[in-house]
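Numbers 356 to 640, taken from my numbering, label the letters of the sequence shown in order. Positions of the beta carbon are idealized from the N, C-alpha and C atoms, including for glycine. Here is the structure we will look at.
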Amino acid sequence: MAEKIAGVVVLYNPAQSVLESVSSYIDSVEVLYVLDNSEKYNSEVIKEIKKIKKVKYFSMNGNQGIAKALNFGAALAIQDKYDWLLTMDQDSLAAKGMIWTMLEYLKQERGGNMGIVSPLHVVPGENIPKYEKSFEKVLIAMTSGNLLNIPIYKKNGPFLESLFIDSVDTEYCLRLHINGYKVVCSYDAYLFHPVGSPKRYPFFGRKILVSNHAPIRRYYMTRNKLYVSQLYRKDFPEFCKSELKENWRDLVKILLFEKEKAKKILMMIRGYLDYRKGKVGKYEK
356 MAEKIAGVVV LYNPAQSVLE SVSSYIDSVE VLYVLDNSEK YNSEVIKEIK
406 KIKKVKYFSM NGNQGIAKAL NFGAALAIQD KYDWLLTMDQ DSLAAKGMIW
456 TMLEYLKQER GGNMGIVSPL HVVPGENIPK YEKSFEKVLI AMTSGNLLNI
506 PIYKKNGPFL ESLFIDSVDT EYCLRLHING YKVVCSYDAY LFHPVGSPKR
556 YPFFGRKILV SNHAPIRRYY MTRNKLYVSQ LYRKDFPEFC KSELKENWRD
606 LVKILLFEKE KAKKILMMIR GYLDYRKGKV GKYEK
């Protein structure tokens with residue numbers, strides 16, 4: 356029996372380019388839930404999105420965070436009796452055949468413990484890396500481009516809304532592993548996905564890829580990596596150590612290459628302080 360696939364894309368103050376992104380995968384899903392987390396309503400873009408036949412548009416009445424939007428999308432998929440939910444960022448572009456390739460793997464897979472199938476994320480303009488394997492079990496998969504197993508989502512529990520944004524995918528994947536489910540990456544399925552505003556900078560004969568995230572994202576990234584690492588350090592000690600090191604590497608990259616250094620470092624400090632206070636949820640000035 357064919358798998359029933361819905362899609363969800365979470366909007367946040369979208370540009371016109373979101374229409375191109377949606378067009379890259381709309382034919383591969385039966386319905387697309389468009390969840391608008393925007394703080395500034397873009398009437399022109401939303402008008403065009405609503406014209407797409409498969410789209411069901413919902414306003415979240417302001418930015419409720421990625422986790423809450425994903426949970427809302429999953430609830431709609433459960434209500435409408437879908438098997439899988441394609442989770443997309445507004446700036447991600449699916450390569451031709453991305454979803455078909457992931458579904459081909461699912462046809463070969465034995466057992467019902469596949470929590471997520473993820474494509475290979477490629478930074479636009481970068482070369483596509485080559486792997487000997489077509490599929491591989493992985494620890495973590497970024498949200499965009501994933502096929503989320505809806506029956507397993509019901510068992511594993513919802514995305515952690517207290518994180519608001521950043522590390523939401525990390526926490527969910529770690530929880531899948533603890534509960535005995537698998538996360539698999541398809542290296543032959545490509546998703547073109549910019550992480551922040553990526554740019555390479557020369558550094559001692561090498562080209563260093565720098566994400567150039569906004570200051571507010573630095574707050575969430577710092578706080579949530581610390582928070583998730585605290586939750587899972589006993590089960591995944593090496594991964595959690597690497598997450599903490601990543602915060603330090605990000606700090607060095609900001610100091611060396613990025614603009615708005617003072618603002619970003621200040622927000623990282625605030626993220627650390629709020630982690631120490633046990634404060635989660637949406638950042639409040």
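{"Asked": "Three-way DSSP call (helix, strand, coil) for LEU387 in this model", "Found": "strand"}
{"Asked": "Simplified DSSP state of ILE471, which is helix, strand or coil", "Found": "strand"}
{"Asked": "Beta-carbon proximity of LYS619 to GLU598, cut-off 9 Å", "Found": "no"}
{"Asked": "Range covered by the beta strand (DSSP E) that runs through ALA543", "Found": "Per the sequence shown, residue 543 should be read as Asp rather than Ala. Element bounds for ASP543: 537-547."}
{"Asked": "Neighbourhood of GLN371 by C-beta distance below 7 Å, restricted to the same chain and skipping five residues each side", "Found": "VAL400"}
{"Asked": "Under 9 Å between C-beta atoms of VAL550 and TYR556", "Found": "no"}
{"Asked": "Local conformation of VAL565 per DSSP, three classes", "Found": "strand"}
{"Asked": "DSSP bridge partner residues for MET443 (one or two, in chain order)", "Found": "VAL364"}
{"Asked": "CA-to-CA distance, ALA617 to GLN463, given in whole angstroms", "Found": "51 Å"}
{"Asked": "Residue of ARG625, GLY500, TYR630, ILE533 minimising C-alpha distance to MET453", "Found": "GLY500"}
{"Asked": "Cβ pair ASP629, ARG573 closer than 9 Å", "Found": "no"}
{"Asked": "Selection from LYS488, TYR638, LEU494, MET469 that minimises the alpha carbon distance to ASP524", "Found": "LEU494"}
{"Asked": "The segment 499-515 / the segment 419-434 touching (three or more Cβ pairs under 8 Å)", "Found": "yes"}
{"Asked": "Contacting residues, own chain, Cβ-Cβ under 7 Å from GLU394 (five flanking each side not counted)", "Found": "ASN368, GLY417, ASN418"}
{"Asked": "Buried or exposed (CB count within 10 angstroms, at least 16 for buried), GLN434", "Found": "exposed"}
{"Asked": "THR525 beta carbon near the ligand MG (any heavy atom closer than 8 Å)", "Found": "For the structure depicted, the ligand MG is absent and the ligand set is empty, with no information on it obtainable."}
{"Asked": "Residue nearest to ASP382 in terms of C-alpha spacing, selected from PRO474, TRP603, ALA361", "Found": "ALA361"}
{"Asked": "Per-residue burial, ALA357 [other beta carbons within 10 Å of its own, 16 or more giving buried]", "Found": "exposed"}
{"Asked": "Delimiting residues of the alpha helix (DSSP H) encompassing ASN602", "Found": "592-612"}
{"Asked": "Beta-carbon contacts of ASP446 that lie in its chain and below 8 Å, excluding the five residues immediately before and after", "Found": "SER372, VAL373, SER376, HIS548, PRO549"}
{"Asked": "Counterpart residues of PHE490 in DSSP-defined beta bridges", "Found": "SER541"}
{"Asked": "Within 9 Å, strictly: CB atoms of VAL472 and GLY428", "Found": "no"}
{"Asked": "Residues bridged to ARG555 [DSSP beta-bridge criterion]", "Found": "LEU564"}
{"Asked": "First through last residue of the beta strand (DSSP E) which encompasses VAL410", "Found": "410-414"}
{"Asked": "Minimum C-alpha distance to ILE571 - residue among HIS532, TYR627, ASN534", "Found": "TYR627"}
{"Asked": "DSSP beta-bridge partners of ASN501", "Found": "THR442"}
{"Asked": "Beta-bridge pairing of LEU448 - partner residues as DSSP gives them", "Found": "PHE547"}
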